[in-house]
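Trainee:
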Amino acid sequence: MSGVGVWNGRYELHRSFLGDTIRNDLYAAAITDAVKPGSHVLDLGSGTGIWACVAARAGAARVVAVEFSDLVEHCRETVARAGLGHIVEVVRADIRELDLPREFDVITHELVGGLVWEEDMIELVHIAASRFLKPGGRVIPHEVRVQMAPWYIADRPYRGGWPDVCGLDFGHLYAAELAQWHATRRAMTFSHTDPTLALADLETVYVARLGTDTVVPASIGFESVATREGVATGVLAAMEIDLGSGRVISTSPFEPPTNWGQLYVPAAEVIELDVGDRVRVEVHPTLSTEGWDVRFTRIDTGSTHSSRR
Ligand SMILES: C[S@@+](CC[C@H](N)C(=O)[O-])C[C@H]1O[C@@H](n2cnc3c(N)ncnc32)[C@H](O)[C@@H]1O
């Protein structure tokens with residue numbers, strides 16, 4: 011999600027962001043800690059205006075709230091209703107086109123999509139930090155760690171679903187159903203996956219340093235050791251969103267649910283694992299949920315389970 015068209019009128023998304031108390035409490039505490047009396051704060055993608063107002067209440071001398079969608083009018087109203095119009099300036103602009111002095115002590119943002127490949131977070135935060143942040147200034151959050159693990163989800167047709175009936179062989183329908191499944195296979199978001207479906211521990215496979223990094227990787231490779239016996243049908247991905255001073259939002263299914271949920275990417279070819287089996291996982295992410303690809307390679311035997319369509 012990136013262009014203004016996908017953000018206009020998305021009240022239901024903003025309602026879900028405001029309904030995420032884990033997110034809100036950690037963001038509010040991190041911003042309140044970082045903003046000092048007299049600080050200048052730049053709030054990227056202000057949306058409803060929540061973090062701009064929190065920064066103003068924390069003692070900021072000036073807050074610039076930037077929002078490119080039609081939510082900007084509601085952002086202005088939030089600021090006015092809070093009586094913070096003398097501190098918060100709301101600007102309707104694309105972050106890429108902002109023209110501001112380099113005078114900000116703190117940059118706040120919640121441009122964290124389902125994972126780091128969405129919402130142009132890395133590009134936008136880098137633009138803002140490199141142009142407008144004072145040396146030694148803070149970016150909140152400053153790091154997003156992507157975690158992944160082989161996972162089991164009953165997501166695909168299985169041969170046993172087409173048994174012989176009345177002495178007739180229906181196996182050809184399984185093949186057709188499987189071909190259809192392959193053609194429509196895509197990554198999907200779960201609000202809270204059953205953690206007992208993990209085949210291995212979640213590993214940190216990529217660290218995005220916000221304000222510093224300029225691009226997201228085109229592929230991710232990692233090794234995993236099975237912690238239980240079962241069939242890995244794909245990869246589950248979660249994040250740790252680091253707000254500094256030990257405040258971390260985890261979207262792992264082993265932690266209480268947040269609005270982000272987890273992304274599950276089905277592999278075309280499953281792999282059977284025993285406890286202790288080592289597997290090499292190659293993931294090819296894309297900007298949308300379409301076109302993600304996962305390939306498993308068993309490390310001890312060298313047998314390859316290709317999942318390329
Ligand atoms: C995930 S929402 C966060 C809203 C609010 N900051 C919050 O945390 O509840 C991201 C916001 O960033 C805005 N946004 C995304 N890309 C932008 C860009 N390039 N320039 C300005 N605003 C942008 C969207 O319109 C959306 O309101």
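So the sequence shown is numbered by the numbering used here: it starts at 11 and just counts up by one. Quick reminder that beta carbons are idealized off the backbone N, C-alpha and C, glycines included.
Where do the N-terminal and C-terminal ends of the beta strand (DSSP E) with Gly254 fall, by residue?
Mentor: The count along the sequence shown starts at 1 and reaches residue 254 at position 244. 240-254 is the extent of the beta strand (DSSP E) around Gly254.
Trainee: Taking the DSSP output, what are the residues bridged to His50?
Mentor: Within the sequence shown, residue 50 is the residue found at index 40, counting from 1. Paired residues: Arg72.
Trainee: Short of 6 Å in beta carbon distance, which residues of its chain neighbour Leu94, apart from the five on each side in sequence? Order them along the chain.
Mentor: Along the sequence shown, read from residue 1 onward, the residue named residue 94 stands at position 84. So the qualifying residues of the chain are Cys63, Ala66.
Trainee: Does DSSP classify Thr194 as helix, strand or coil?
Mentor: The count along the sequence shown starts at 1 and reaches residue 194 at position 184. Helix, per DSSP.
Trainee: What does a CB cutoff of less than 7 Å around Ile41 pick up in its chain, not counting 5 residues either side in sequence?
Mentor: On the sequence shown, residue 41 is found 31 positions in, with the first residue counted as 1. Excluding residues within five positions, the ones whose Cβ falls inside 7 Å are Trp61, Val64, Ala65, Ala68, Thr118, Ile150.
Trainee: Which residue's Cα is closest to the Cα of Ser56: Val45, Ser49, Glu265, Val73?
Mentor: As a position in the sequence shown, residue 56 is number 46, starting the count at 1. Here the closest residue by C-alpha is Val73.
Trainee: Cβ-heavy atom distance between Glu128 and ligand 1 below 7 Å?
Mentor: Sequence index remark: in the sequence shown, residue 128 carries index 118 (1-based). No.
Trainee: Taking C-beta to C-beta, are Val217 and Arg155 nearer than 8 Å?
Mentor: The count along the sequence shown starts at 1 and reaches residue 217 at position 207. The count along the sequence shown starts at 1 and reaches residue 155 at position 145. Yes, the pair counts as a contact, with Cβ atoms nearer than the cut-off.
Trainee: Please determine whether the Cβ atom of Val76 lies at a distance below 7 Å from any heavy atom of ligand 1.
Mentor: The residue labelled residue 76 in the question sits at position 66 within the sequence shown. Indeed, a heavy atom of ligand 1 lies less than 7 Å from the Cβ.
Trainee: Consider the C-beta atom of Ser56 and the heavy atoms of ligand 1; say whether any pair is separated by less than 7 Å.
Mentor: Here residue 56 refers to the residue found at position 46 when the sequence shown is read from its first residue. Answer for Ser56: yes, Cβ within range of ligand 1.
Trainee: Quick one: any contact between the region 175-189 and the region 269-277, if contact means 3 or more CB pairs under 8 Å?
Mentor: No: fewer than three Cβ pairs fall under 8 Å.
Trainee: Per DSSP, which residues does Pro160 bridge with? Please list them.
Mentor: Residue numbering aside, residue 160 sits at position 150 when the sequence shown is read from its first letter. DSSP, once it has assigned bridges, lists Val245 as partnering Pro160.
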